[in-house]
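Asker: Taken in order, these protein sequences are the chains called A and B.
The opening position of the first sequence corresponds to residue 0 in numbering that gives the first Met the number 0, with each subsequent residue numbered one higher.
The opening position of the second sequence corresponds to residue 0 in numbering that gives the first Met the number 0, with each subsequent residue numbered one higher.
Glycine included, every Cβ here is placed at the ideal spot set by N, Cα and C.
For clarity, every value in this text was computed on a predicted model and none was experimentally measured.
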Amino acid sequence: MTDLSHPRRFGAVGSLTRRFRAEPGLVIGTALLAVIAVVAAFPGLFASASPFSVDVGASMLPPSAEHWFGTDDVGRDLYARVIHGTRVTLSICAGSLFISALIGGTLGLVSGYFGGWADQILGRLIDVLLSFPPIILGVIITGVLGPATVNLILALSVVYMPVFFRIARAGALGEKEKTYVEAARSMGISEPAVLGRHVTRNVMPLILTQYMILFPLILQIQAALGFLGLGVQPPVPDWGAILEQGKDYILYAPWMSVFPGLAVLVTSLSLILVGRALQKRIDQR
Amino acid sequence: MGAYLVKRLAASLLTALLASMLVFLLVRLVPGDVVAQMMGQAGGEAAAGAMREFFGLDQPVYVQYFRWLTQVLQGDLGTSWTRGLPVTMLIGQAFLVTLEIGLLTLFVATVVGVPLGIVAGIYEDGPLDTFIQSINVVGLSAPVFWVGLMLLVGVSSMFAWSPPLRYVPPARSLADNLSILALPIASLAFLQIAAYSQFVRQNVVSALHQEYVRTAVAKGVPVRTIFFKHILRNVLIPIVTFMGLILIQILGGVVIIESLFALPGLGRLLLTAIETRDYPVLQGALLIVVVAAMVVNLVVDLAYRLIDPRVRVS
Chain A
0 MTDLSHPRRF GAVGSLTRRF RAEPGLVIGT ALLAVIAVVA AFPGLFASAS PFSVDVGASM
60 LPPSAEHWFG TDDVGRDLYA RVIHGTRVTL SICAGSLFIS ALIGGTLGLV SGYFGGWADQ
120 ILGRLIDVLL SFPPIILGVI ITGVLGPATV NLILALSVVY MPVFFRIARA GALGEKEKTY
180 VEAARSMGIS EPAVLGRHVT RNVMPLILTQ YMILFPLILQ IQAALGFLGL GVQPPVPDWG
240 AILEQGKDYI LYAPWMSVFP GLAVLVTSLS LILVGRALQK RIDQR
Chain B
0 MGAYLVKRLA ASLLTALLAS MLVFLLVRLV PGDVVAQMMG QAGGEAAAGA MREFFGLDQP
60 VYVQYFRWLT QVLQGDLGTS WTRGLPVTML IGQAFLVTLE IGLLTLFVAT VVGVPLGIVA
120 GIYEDGPLDT FIQSINVVGL SAPVFWVGLM LLVGVSSMFA WSPPLRYVPP ARSLADNLSI
180 LALPIASLAF LQIAAYSQFV RQNVVSALHQ EYVRTAVAKG VPVRTIFFKH ILRNVLIPIV
240 TFMGLILIQI LGGVVIIESL FALPGLGRLL LTAIETRDYP VLQGALLIVV VAAMVVNLVV
300 DLAYRLIDPR VRVS
């Protein structure tokens, strides 16, 4: 039967405006993220200049028609560097967070579902990691291991692993008491299969939402480590690394800092907006 | 309460112990050691060996750890390898700077963030709420150190003034001290105001939707009474809990802000210790950070129990 109470009179544009009124944050966030994703995938489409080509004669030029974001201390085009930095920065963040979700999530699921002494020991270890403020944990790991992209990824993967562990563990604990798990067990399905096929599927939305919520936070830490000189090393264009380079010239060439910082801000903002909308849906369920 | 406190303290101590072990191991398992870095190309094998022995690095790691732990339990964090000063003294000086920044930031965040959150919550979904929430999202998205940089540029171009480069302790000149700390605190507070007001707003909104508030409105209780007696009282508990969380976040943010504004606090001490591989200072500073975060958590937990009788019963 067709529902006559809500006739579709407005078409695609109408539904978009209606959606915008209902959840403006989600629409703005998704639209911005889509643009950022396209920039990360095809930076060459947006910036024709090379992010590496040095031109000492054109160093520290303010923003102009030729160099939209100005140039840095060795005359590289900052617009090209920020645009090409999108992929570098975001792939490091996305990859590291994926590693923490995979390892932390798996350990949490197993730990919560089976319990026992392994759960006790893991819980303790997670407490130890949680006893450090996240950024400090990142600073110690990258600082001690030395500044290199591999170490940065390692550090960023560890920082929020405990959060995924806790979310997955709590999810598994809640799910394992439910009737469907009992039913699956009584049908003779093995424990690992119940966990792998049924419990994991139900905990997955929690982990994915957490991924979105933590993404802006890991981006902040990635940028901060870069700013401290502990992240991606020059000449690779990375937002944090560009900021690190700009800080010495902050009063003479502020554009070196303004634009990469804005890139972090806009990306975080859109991630926060989308993450919040997702969280709201999870809460309503 | 007593039994609970003992249990909590025991758990915290165990975690601190494990954390110190983790740091100790991490620092030492890394390839390339402090002696090689300190001596550079100069000096032969014999000199390097003598230096390792002097620092106790020739011993197995577990012996080094127990030696360090015994010292720590006696209140001695060792001597800095690069500066030759007692670590407790270095940390003591640095901690005061960080503490001042932390507490002042917390103060600003509370004084600005809580009222903003209350206003946003009361006018839920109104224009004022939308405005405050938009600013909050920007506050949460902007990197703390970048806000610091922008403030530096803004202040110096508008007032032709930039903060003095040398830190002055409050005991020498409070005015100078505060003028140095103003920008760092403002940059840290921007984020925390956003976080705080966001949190308070949520709590006010959920308190407003409670049935007892609706009942009170229906009974004709004056708005002011409803606000102070029914809403504020229920929002107060989460506000206290959140204060602890904010303080721990500030402790993390301080590392970057101190490095940006060249402030001699715990964060800078930590970074320098990492750079120079000054193990005793690094271990000591991290131990203090972990213990400080634990103390904050414990105090919040206890305060929570004091304010909310329901927690005590369960």
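#1: Quick check: the Cα distance between A/SER63 and A/GLY69, rounded to an integer number of angstroms?
#2: What is the DSSP secondary structure of B/PRO183, reduced to helix, strand or coil?
#3: With a threshold of 7 Å on Cβ separation, who are the neighbours of B/SER155 within its own chain once the five nearest residues in sequence on each side are excluded?
#4: In this structure, does DSSP put A/PRO42 in helix, strand or coil?
#5: B/GLY251 CB to nearest chain A CB: under 8 Å?
#6: Using 8 Å for Cβ pairs, my map puts A/LEU224 next to A/ILE166. What's the rounded Cβ distance?
#7: Going by alpha carbons, who is nearest to B/MET293 out of A/PRO132, A/GLY173, A/VAL265, A/GLN219?
#8: Assess, as a yes-or-no matter, whether the stretch 108 to 122 of chain B is touched by the stretch 199 to 214 of chain B under the definition of 3 or more beta carbon pairs within less than 8 Å.
#9: Under 9 Å Cβ-Cβ, which residues of chain B neighbour A/ARG286?
#10: Let me check one thing: in DSSP terms, what residues is A/THR70 bridge-paired to?
#11: Does the beta-carbon distance from A/LEU77 to A/TRP238 come in below 8 Å?
#12: Could you tell me the alpha carbon to alpha carbon distance between B/PHE241 and A/PHE113, rounded to whole angstroms?
#13: Report the rounded CA-to-CA distance for A/ALA306 versus B/ASP124, giving the unit in angstroms.
#14: For the putative contact between B/LEU16 and A/ARG123, defined by C-beta atoms under 8 Å, what is the C-beta separation to the nearest angstrom?
#15: Express the C-alpha separation of B/LEU268 and A/THR141 in angstroms, rounding to a whole number.
#16: Would you call the stretch 142 to 155 of chain B and the stretch 176 to 189 of chain B touching, i.e. three or more CB-CB distances under 8 Å?
#17: Looking only at C-alpha atoms, which of A/ILE249, A/THR266, A/ALA276 sits nearest to A/ALA93?
#18: With 8 Å as the threshold, decide whether the Cβ of B/LEU84 is near any Cβ in chain A.
#19: Assuming B/VAL86 and B/SER79 make a contact with CB atoms under 8 Å, what is their CB distance in whole Å?
#20: Rank B/ARG165, B/ALA159, B/VAL299, B/SER178 by C-alpha distance to the C-alpha of B/PRO263 and give the top, closest one.
#21: Can you list, in chain order, the residues of its chain with a C-beta nearer than 6 Å to that of A/LEU270? Leave out the 5 residues immediately preceding and following it.
#22: In this structure, does DSSP put B/THR81 in helix, strand or coil?
#23: Taking B/TRP160 as part of the alpha helix (DSSP H), name the residues at either end of that continuous run.
#24: When the cut-off is 8 Å and only beta carbons count, does B/PHE144 lie next to chain A?
#25: Please decide whether A/LEU89 counts as near chain B, where near means a Cβ-Cβ distance under 8 Å.
#26: So, is the C-beta of B/SER178 closer than 8 Å to a C-beta in chain A?
#27: Can you check which of these residues, A/VAL138, A/VAL109, A/GLN119, is closest to A/GLY173 by C-alpha distance?
#28: Could you check what DSSP says for A/HIS197 in three-state terms: helix, strand or coil?
#29: Does the stretch 165 to 181 of chain B come close enough to the stretch 1 to 21 of chain B to have 3 or more Cβ pairs within less than 8 Å?
#30: Cβ closer than 9 Å: which chain A residues qualify as neighbours of B/MET37?
#31: Using only the alpha-carbon positions, how far apart do A/PHE163 and A/ARG200 sit?
#32: Taking C-alpha atoms, which residue in B/ASP128, B/LEU150, B/ILE134 lies nearest to B/VAL204?
#33: Counting only the same chain and skipping the five closest in sequence on each side, list residues whose C-beta sits under 8 Å from that of B/ILE247.
#34: Between B/ARG309 and B/ILE179, what straight-line distance do the alpha-carbon atoms span, to the nearest angstrom?
#35: Cα separation between A/VAL87 and A/SER156?
#36: How do the stretch 85 to 105 of chain B and the stretch 275 to 292 of chain B stand: do at least 3 beta-carbon pairs fall below 8 Å, yes or no?
Answerer: Result, derived from the coordinates:
#1: Across the structure, A/SER63 and A/GLY69 are spaced so that their CA atoms are roughly 6 Å apart.
#2: In the structure shown, the three-state DSSP call for B/PRO183 is helix.
#3: Counting only Cβ-Cβ distances below 7 Å, and skipping sequence neighbours, we find SER161.
#4: In the structure shown, A/PRO42 sits in a helix (DSSP, three-state: H, G or I).
#5: Yes, its Cβ sits closer than 8 Å to a Cβ of chain A.
#6: Approximately 24 Å separates the beta-carbon atoms of A/LEU224 and A/ILE166; this is outside 8 Å, ruling out the contact.
#7: With distances taken between Cα atoms, B/MET293 lies closest to A/PRO132.
#8: In the pairwise beta carbon analysis, the stretch 199 to 214 of chain B is classified as touching the stretch 108 to 122 of chain B: at least three pairs are separated by under 8 Å.
#9: With chain A running from 0 to 284 in the structure shown, residue 286 of chain A is simply not present.
#10: Note: A/THR70 sits in a beta bridge opposite A/ASP76.
#11: Not closer than 8 Å, so no.
#12: In a straight line, the C-alpha of B/PHE241 is about 33 Å away from that of A/PHE113.
#13: One cannot answer for residue 306 of chain A here, as it falls past the ends of chain A, which runs 0 to 284.
#14: At roughly 11 Å, the Cβ-Cβ gap does not stay under 8 Å, so B/LEU16 and A/ARG123 are not in contact.
#15: So the two alpha carbons sit approximately 16 Å from each other.
#16: Verdict: yes, contact present.
#17: Ranking A/ILE249, A/THR266, A/ALA276 by Cα distance to A/ALA93 puts A/THR266 first.
#18: By this cut-off, B/LEU84 is not an interface position.
#19: Their Cβ separation, rounded to whole angstroms, is 6 Å, which keeps B/VAL86 and B/SER79 in contact under 8 Å.
#20: Of the candidates B/ARG165, B/ALA159, B/VAL299, B/SER178, the one whose C-alpha sits nearest the C-alpha of B/PRO263 is B/ARG165.
#21: Here the set comprises PHE214, PRO215.
#22: Coil, per DSSP.
#23: Annotation: B/TRP160 is outside any alpha helix (DSSP H) and is labelled neither H nor E by DSSP.
#24: Cβ-Cβ to chain A under 8 Å: yes for B/PHE144.
#25: No, because no Cβ of chain B sits closer than 8 Å to the Cβ of A/LEU89.
#26: No, no contact with chain A.
#27: Closest option to A/GLY173, Cα to Cα, is A/VAL109.
#28: Note: A/HIS197 maps to helix in three-state DSSP.
#29: Contact between the stretch 165 to 181 of chain B and the stretch 1 to 21 of chain B is absent, with fewer than three C-beta pairs closer than 8 Å.
#30: Those do not exist, as B/MET37 stays about 16 Å from chain A at its closest Cβ, beyond 9 Å.
#31: The straight-line gap separating the alpha-carbon atoms of A/PHE163 and A/ARG200 is approximately 15 Å.
#32: Residue B/ASP128 holds the alpha-carbon nearest to the alpha-carbon of B/VAL204 among B/ASP128, B/LEU150, B/ILE134.
#33: Sequence-distant Cβ neighbours of B/ILE247 in its own chain, meaning closer than 8 Å and more than five residues away, are ALA292, VAL295, ASN296.
#34: C-alpha of B/ARG309 to C-alpha of B/ILE179: approximately 44 Å in a straight line.
#35: Roughly 16 Å separates the two Cα atoms.
#36: These segments touch.
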